[in-house]
Every structure is written in C-alpha cells, then in structure tokens.
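Report on one structure; see the data block that follows.
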Ligand SMILES: [Cu+2]
C-alpha cells in the first residue's frame with residue numbers, strides 16, 4: 001500500500017447518482033375544494049408509467065383520493081397531508097373522494113414515450 005491509496009476508497013468510489021430516468025418523477029395533484037370534477041387540480045392528470053402522483057390536501061376540509069377500482073386509497077387526508085401512489089401500468093384510473101363522492105378525478109397513465117400501449 002502506498003500513501004496514495006489512503007482515503008482512496010472514499011466518496012469517489014461510492015455509488016454514483018444514477019442518470020435521471022425519464023418518467024420516474026412525481027406529479028402533484030392539489031385537492032382544492034368539494035367541487036365535483038373541479039375538486040382535484042389538475043384533473044385529469046397525465047403521468048408516465050413509473051411516475052408517482054402525490055395528492056396534497058390544500059383545503060381546510062377533509063378528503064380522500066380513492067380509486068374506483070380499489071387500486072389505491074389515501075384514507076382521510078387532513079389539511080396539509082398528502083398521499084402518493086406510483087403507477088406501474090398504463091391505463092385510466094378514475095377515483096373519487098370517499099367522504100364526498102361527487103368529487104371525482106382521473107389519472108391517465110401513458111407509456112414512457114407518451115404513446116398509448118400497442
Ligand atoms: Cu371530499
């Protein structure tokens with residue numbers, strides 16, 4: 001061993017941050033009001049396969065984001081609380097608020113290149 005090796009196993013040899021992978025980001029949907037299809041903003045929201053939707057309750061009321069098909073369920077979100085779900089399959093995901101079922105939204109999940117799956 002020579003002096004040049006000392007400390008040579010430091011950060012330089014650590015796992016490097018991977019290059020950003022397109023389509024693995026997070027999209028925020030704000031819950032703004034008990035207002036039918038205008039309750040969730042954006043609505044509908046489009047994400048790519050592998051991306052995450054984070055719902056944030058930006059109102060003083062309590063809400064949920066509950067999948068019509070039972071795929072995801074935030075349970076009750078108080079003001080300022082959030083819920084995240086990562087979508088691994090292309091498709092259309094309607095959801096609603098379990099407390100005020102008139103509140104409805106849709107997540108559109110498209111393939112990485114933005115095209116519908118063949
Ligand atoms: Cu609601």
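In UniProt numbering, the protein residues as written are 1 to 118.
Each residue gets a CB set at the ideal place from its N, CA and C atoms; glycine is no exception.
In chain order, what residues of the same chain lie with their CB nearer than 7 Å to the CB of residue 4, ignoring the 5 residues before and after it? Its pLDDT being 47, under 50, residue 4 is placed unreliably by the model, and the measurement read from it follows with that caveat. Excluding positions up to five away in sequence, the list is empty.
Please state the DSSP three-state secondary structure of residue 82. strand
Cα-Cα separation between residue 57 and residue 28, rounded to whole angstroms: In a straight line, the C-alpha of residue 57 is about 10 Å away from that of residue 28.
What would DSSP say about residue 36, mapped onto helix, strand or coil? helix
Checking contacts by CB at 7 Å: is residue 93 closer than that to chain D? Note that chain D does not occur in the displayed structure, where there is just one protein chain.
Once you ignore the five residues that flank residue 100 on each side, which residues in its own chain have a CB closer than 6 Å to its CB? Excluding sequence neighbours, residue 100 sits near 34.
Of all the options 109, 87 and 76, which has the alpha carbon lying nearest to the alpha carbon of residue 60? 76
Around the Cβ of residue 43, are there at least 16 other Cβ atoms within 10 angstroms (buried) or fewer (exposed)? buried
Which residues does DSSP pair with residue 77 in a beta bridge? 63
For residue 104 and residue 64, the rounded distance between their alpha carbons: 10 Å
Given the structure, does residue 71 come close to ligand 1, in the sense that its CB is under 6 Å from one of the ligand's heavy atoms? no
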